[in-house]
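Chemist: To get the numbering used here, take the position in the sequence shown, counting from 1, and add 83.
C-beta: ideal position from N, C-alpha, C; glycine also.
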Amino acid sequence: MHSVSRLADLGWSPWFEARFANYDQEGRVPGRVVASFGTAFTVSTEYGDLRASITGRLRHEAASAASLPAVGDWVVLKARAIQAVLERRTSLSRKAASEVAEQQVMVANVDRVCIVSAVVDDFNPRRLERYLAIVWDGGASPVIVLTKADLAPSIDALIDQVGGLAPGVPVLACSAVTGQGIETLRQQFVAGETAVLVGSSGVGKSSLINRLIGQGTLPTNTLRRDGRGRHTTTNRELLVLPGGGMLIDTPGLRELQLWADQESLDQVFDDVRQLATRCRFNDCRHEAEPDCAVRQALADGSLAPERFAGYRKLEREVRSLAVRADHRLRLEESKKWRAINRAGRQRARPG
Numbered sequence: 084m085h086s087v088s089r090l091a092d093l094g095w096s097p098w099f100e101a102r103f104a105n106y107d108q109e110g111r112v113p114g115r116v117v118a119s120f121g122t123a124f125t126v127s128t129e130y131g132d133l134r135a136s137i138t139g140r141l142r143h144e145a146a147s148a149a150s151l152p153a154v155g156d157w158v159v160l161k162a163r164a165i166q167a168v169l170e171r172r173t174s175l176s177r178k179a180a181s182e183v184a185e186q187q188v189m190v191a192n193v194d195r196v197c198i199v200s201a202v203v204d205d206f207n208p209r210r211l212e213r214y215l216a217i218v219w220d221g222g223a224s225p226v227i228v229l230t231k232a233d234l235a236p237s238i239d240a241l242i243d244q245v246g247g248l249a250p251g252v253p254v255l256a257c258s259a260v261t262g263q264g265i266e267t268l269r270q271q272f273v274a275g276e277t278a279v280l281v282g283s284s285g286v287g288k289s290s291l292i293n294r295l296i297g298q299g300t301l302p303t304n305t306l307r308r309d310g311r312g313r314h315t316t317t318n319r320e321l322l323v324l325p326g327g328g329m330l331i332d333t334p335g336l337r338e339l340q341l342w343a344d345q346e347s348l349d350q351v352f353d354d355v356r357q358l359a360t361r362c363r364f365n366d367c368r369h370e371a372e373p374d375c376a377v378r379q380a381l382a383d384g385s386l387a388p389e390r391f392a393g394y395r396k397l398e399r400e401v402r403s404l405a406v407r408a409d410h411r412l413r414l415e416e417s418k419k420w421r422a423i424n425r426a427g428r429q430r431a432r433p434g
């Protein structure tokens, strides 16, 4: 019997307990991946932290790299060997940097994703929409955090602008220099729950974490007055905050290829979706069709052209991703049946 109290501090719940039941045998214990170092992982268990690695069987049987452990995963351990990854409640993924449609899980089992964007240089509404699509697709709740608020000439106007892009999503303005908004941000980290900070390089994630922890735990780069900087986090790591909430810091993302479906995209662009329902034709492409509500909104200014262009771009990526994924599944199925047929021919050979 494992210590539920210590595991609960790490986010363990009856949901994970039920999924561990199939593995609950002598010598096996659950643990949470709190850091990843390539082929090695730091796993936190009821007995403390230990360095572990994946068994050859798990690596061989994994359907793809997305089935292997990521920071935030709950895993099954025997000694220092990771034998299985428990089903995930949520994940944050992007498309891997390859020609095929392959999922790269950045973090797993997070309740909240804090999308961090600096108010100078880094601020890009189209990038925020991309992040939101990925967050919704993975099942977590998004929060938008605007950093370096002390450098913004009109932070309230910027908050209103971002709120218009993401209705219902909390938008927080923070400054690690002045302390503005830090206490409000701290309220996002609830005991027993996990949040992750994601954003481009140099947006100030490490500085925010140092403020939240209350000490200089993570190295940071001093930034010039114009707000430019370099990321300093080099690996994903789960930290426990003083109030009991858990926070995963991630390296700055230089590229974020979309991993989402049309439903997640519609959640980000609900204004476009609602307009489309008022078009005369259900399959309207919003190009030259008559009585197109989307084109009418573009003409009267109620839908910004740059927002619709952002929607179109992500829509093309979603369709391309679906086509590539379908092609990959067909290739894998064909490969499987070729192997089965080959084995059958070998068994049928005489003597």
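Just to confirm the assignment, what range does the alpha helix (DSSP H) spanning Ser290 have?
Modeler: For the purposes of this step, residue 290 is taken as the residue at position 207 of the sequence shown. Segment Lys288 to Ile296, the alpha helix (DSSP H) holding Ser290.
Chemist: Thinking C-beta only, is Gln263 closer than 9 Å to Asp256?
Modeler: Here residue 256 refers to the residue found at position 173 of the sequence shown. Here residue 263 refers to the residue found at position 180 of the sequence shown. For the record, residue 256 in the displayed sequence is Ala; it is not Asp. Cβ atoms of Ala256 and Gln263: closer than 9 Å.
Chemist: With a Cβ-Cβ cutoff of 9 Å, do Ser200 and Leu215 count as a contact?
Modeler: Translated into positions along the sequence shown, residue 200 becomes position 117. Translated into positions along the sequence shown, residue 215 becomes position 132. Cβ distance not < 9 Å, so Ser200 and Leu215 don't count as in contact.
Chemist: Starting from Asp132, follow its DSSP beta bridges and name the residues at the other end.
Modeler: Mapped onto the sequence shown, residue 132 falls at position 49. Looking at the DSSP assignment, Asp132 forms a beta bridge with Ser127.
Chemist: Beta carbon of Ala259: closer than 8 Å to some heavy atom of the ligand GTP?
Modeler: The model on display carries no ligand, and the ligand GTP is accordingly not part of it.
Chemist: Decide if Trp98 is buried, meaning its Cβ has at least 16 other Cβ atoms within 10 Å, or exposed.
Modeler: For the purposes of this step, residue 98 is taken as the residue at position 15 of the sequence shown. Label assigned to Trp98: exposed.
Chemist: Does the separation of the CB atoms of Arg89 and Glu144 fall below 9 Å?
Modeler: The residue you call residue 89 lines up with position 6 of the sequence shown. The residue you call residue 144 lines up with position 61 of the sequence shown. Taking 9 Å as the Cβ cut-off, Arg89 and Glu144 do not qualify as a contacting pair.
Chemist: With contact counted as at least three CB pairs below 8 Å, one residue from each stretch, are the stretch 176-194 and the stretch 242-259 in contact?
Modeler: no
Chemist: How big is the Cα-Cα spacing for Thr267 and Gly297?
Modeler: What you label residue 267 is simply residue 184 of the sequence shown in a count that begins at 1. What you label residue 297 is simply residue 214 of the sequence shown in a count that begins at 1. So the alpha carbons of these two residues sit roughly 15 Å apart.
Chemist: With which residues is Ser200 paired in a DSSP beta bridge?
Modeler: The residue given as residue 200 occupies position 117 in the sequence shown. DSSP, once it has assigned bridges, lists Leu229 as partnering Ser200.
Chemist: If we ignore side chains and look at the alpha-carbon of each, how far apart do Ile441 and Val406 end up?
Modeler: Lying before the first or after the last residue shown, residue 441 is absent from the chain, which here runs from 84 to 434.
Chemist: Use the C-beta contact count for Arg115: other C-beta atoms within 10 angstroms, 16 or more gives buried, fewer gives exposed.
Modeler: To locate residue 115, count along the sequence shown from 1; it is residue 32. Answer is buried; the Cβ neighbour count reaches 16.
Chemist: Taking DSSP's pairing of strands, which residues face Asp332 in a bridge?
Modeler: Against the sequence shown, residue 332 aligns to sequence position 249. Asp332 is bridged to Leu280 and Glu320.
Chemist: Who pairs with Leu255 in a beta bridge, going by DSSP?
Modeler: Position 172 of the sequence shown holds residue 255. For Leu255, the beta-bridge partners assigned by DSSP are Val228.
Chemist: Evaluate Asp132 with the Cβ neighbour count: other Cβ atoms within 10 Å of its Cβ, from every protein chain shown; 16 or more gives buried, anything less gives exposed.
Modeler: The sequence position of residue 132 within the sequence shown is 49, counting from 1. When all chains shown are included, Asp132 counts as exposed.
Chemist: Please identify the residue among Leu169, Asp194, Pro113 and Ala180 whose C-alpha is closest to the C-alpha of Arg163.
Modeler: Position 80 of the sequence shown, counting from 1, holds the residue named residue 163. Closest option to Arg163, Cα to Cα, is Pro113.
Chemist: On the DSSP bridge assignment, give the partners of Ser174 in chain order.
Modeler: Counting from 1 along the sequence shown, the entry for residue 174 is found at position 91. Ser174 is bridged to Ala191.
Chemist: Just checking, does the stretch 377-388 make contact with the stretch 344-360 on the three C-beta pairs under 8 Å criterion?
Modeler: yes
Chemist: Under 7 Å Cβ to Cβ from Val323, same chain only, skipping five residues before and after it: list those, please.
Modeler: As a first step, residue 323 must be located in the sequence shown, where it is residue number 240. Cβ within range, chain order: Met329.
Chemist: What span of residues does the beta strand (DSSP E) with Val159 cover, start to end?
Modeler: The residue given as residue 159 occupies position 76 in the sequence shown. DSSP places Val159 in the uninterrupted beta strand (DSSP E) bounded by Trp157 to Lys161.
Chemist: Determine the burial state of Gly287: buried for a count of at least 16 other Cβ atoms within 10 Å of its Cβ, exposed for fewer.
Modeler: Taking the sequence shown and counting its residues from 1, the one referred to as residue 287 is at position 204. With 16 or more Cβ atoms within 10 Å of its Cβ, Gly287 is classed as buried.
Chemist: If you draw a straight line from the C-alpha of Ala101 to the C-alpha of Trp95, how long is it?
Modeler: Your numbering for residue 101 matches position 18 in the sequence shown. Your numbering for residue 95 matches position 12 in the sequence shown. The alpha-carbon atoms of Ala101 and Trp95 are separated by roughly 11 Å.
Chemist: Please report how far the alpha carbon of Arg195 lies from the alpha carbon of Ser224, in whole angstroms.
Modeler: Counted from its first residue, the sequence shown places residue 195 at position 112. Counted from its first residue, the sequence shown places residue 224 at position 141. Taking the straight line from one Cα to the other gives about 5 Å.
Chemist: Check the DSSP bridge columns for Phe120 and list the partner residues they point to.
Modeler: As a position in the sequence shown, residue 120 is number 37, starting the count at 1. For Phe120, which the question treats as bridged, DSSP gives the partners Ala123.
Chemist: Of all the options Leu291, Val117 and Gly251, which has the alpha carbon lying nearest to the alpha carbon of Asp92?
Modeler: Numbered from 1 along the sequence shown, position 9 holds the residue referred to as residue 92. For Asp92, the nearest C-alpha among the options comes from Val117.
Chemist: Looking at the secondary structure, which residues open and close the alpha helix (DSSP H) in which Ala359 lies?
Modeler: Taking the sequence shown and counting its residues from 1, the one referred to as residue 359 is at position 276. Residues Asp353 to Ala359.
Chemist: Could you have a look at Val183 and say whether DSSP puts it in helix, strand or coil?
Modeler: For this step, residue 183 is matched to residue 100 along the sequence shown. DSSP places Val183 in coil when its eight states are reduced to three.
Chemist: Just the C-alpha distance for Arg171 and Ala240, rounded to the nearest angstrom, thanks.
Modeler: Within the sequence shown, the letter at position 88 stands for residue 171. Within the sequence shown, the letter at position 157 stands for residue 240. Looking at the two C-alpha atoms, the distance is approximately 38 Å.
Chemist: Determine the extent of the alpha helix (DSSP H) in which Val245 is found, giving its start and end residues.
Modeler: On the sequence shown, position 162 is the one that residue 245 refers to. It spans Ile238 to Leu248 - the alpha helix (DSSP H) in which Val245 sits, taken as one unbroken run.
Chemist: Using 8 Å for Cβ pairs, my map puts Ala259 next to Cys197. What's the rounded Cβ distance?
Modeler: Working through the sequence shown from its first residue, we reach residue 259 at position 176. Working through the sequence shown from its first residue, we reach residue 197 at position 114. 14 Å between Cβ atoms; not a contact.
Chemist: Taking the alpha carbon of Gln108 as the point to measure from, which residue in Leu151, Val126, Thr125 and Lys161 has its own alpha carbon closest?
Modeler: In the sequence shown, counting from the first residue as 1, residue 108 sits at position 25. For Gln108, the nearest C-alpha among the options comes from Lys161.
Chemist: Quick check on Val260: does DSSP put it in helix, strand or coil?
Modeler: Position 177 of the sequence shown, counted from the first residue, corresponds to residue 260. It is coil, neither helix nor strand.
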